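Worksheet for the structure shown next.
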Amino acid sequence: MLELRPNCECCDKDLPPESTEANICTFECTFCTDCVEGVLNKQCPNCGGNFVRRPIRPFAALKNYPASTKRILKEQGCAENTYQALNENFFCRIER
442 MLELRPNCEC
452 CDKDLPPEST
462 EANICTFECT
472 FCTDCVEGVL
482 NKQCPNCGGN
492 FVRRPIRPFA
502 ALKNYPASTK
512 RILKEQGCAE
522 NTYQALNENF
532 FCRIER
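To convert a position in the sequence shown, counted from 1, into this note's numbering, add 441.
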């Protein structure tokens, strides 16, 4: 069961259960579309995976399976995709 996390981990934008702006990776890291496309280059900074649009849980199901209220926010922010930067640095060293 998806948690349906309430916010973008990067900019803290509210992402309610019915949001079409919520994107998740396979570990359910949650980011808004603006951050996924404009900051993260469509790659999760936590695991390196891709994103898909988070499905919308039917309203009737929210009664028995409510969305999470626990907010997760990256302390260091999302100015750079850390996972991607680490990989690029690693491969640059191998090529030398």
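We put the CB at the ideal spot given by N, CA and C, even for glycine.
Computed from a prediction, not measured in an experiment: that's the story for all the values here.
Hey, could you find the ends of the beta strand (DSSP E) cysteine 476 is sitting in?
As a position in the sequence shown, residue 476 is number 35, starting the count at 1. Note, cysteine 476: premise wrong, no beta strand (DSSP E); alpha helix (DSSP H) at 474-479.
Would you decide whether glutamate 459 is buried or exposed? Buried here means 16 or more other CB atoms lie within 10 Å of its CB.
Taking the first residue of the sequence shown as 1, we reach residue 459 at position 18. The residue is exposed, with fewer than 16 neighbouring Cβ atoms inside 10 Å.
Per DSSP, which residues does aspartate 455 bridge with? Please list them.
Walking along the sequence shown from the start, residue 455 turns up at place 14. In the DSSP output, where bridge partners are listed per residue, aspartate 455 has Asn448.
How far does the beta strand (DSSP E) with alanine 463 in it extend, from its first residue to its last?
Taking the first residue of the sequence shown as 1, we reach residue 463 at position 22. Where alanine 463 is concerned, the enclosing beta strand (DSSP E) stretches over 463-465.
Within a Cβ cutoff of 8 angstroms, which residues of the same chain sit near serine 509, ignoring the five residues on either side of it in sequence?
The residue you call residue 509 lines up with position 68 of the sequence shown. The residues are Glu444, Leu445, Arg446, Pro447.
Do you know how far the Cα of threonine 461 is from the Cα of isoleucine 497?
Residue mapping note: residue 497 aligns to position 56 of the sequence shown, counting from 1. Residue mapping note: residue 461 aligns to position 20 of the sequence shown, counting from 1. Those two C-alpha atoms are separated by around 8 angstroms.
Distance check for leucine 503 and valine 480, CA to CA, integer angstroms please.
For the purposes of this step, residue 480 is taken as residue 39 along the sequence shown, with counting starting at 1. For the purposes of this step, residue 503 is taken as residue 62 along the sequence shown, with counting starting at 1. So the two alpha carbons sit approximately 31 angstroms from each other.
When we look at the beta-carbon of valine 493 and count the other beta-carbons within 10 Å, is it buried (16 or more) or exposed?
Here residue 493 is taken as the residue at index 52 of the sequence shown, counted from 1. Looking at its Cβ environment, which holds fewer than 16 other Cβ atoms inside 10 Å, valine 493 is exposed.
Quick check on the burial criterion: 16 or more other C-beta atoms within 10 angstroms. Buried or exposed for leucine 456?
For the purposes of this step, residue 456 is taken as the residue at position 15 of the sequence shown. It counts as buried.
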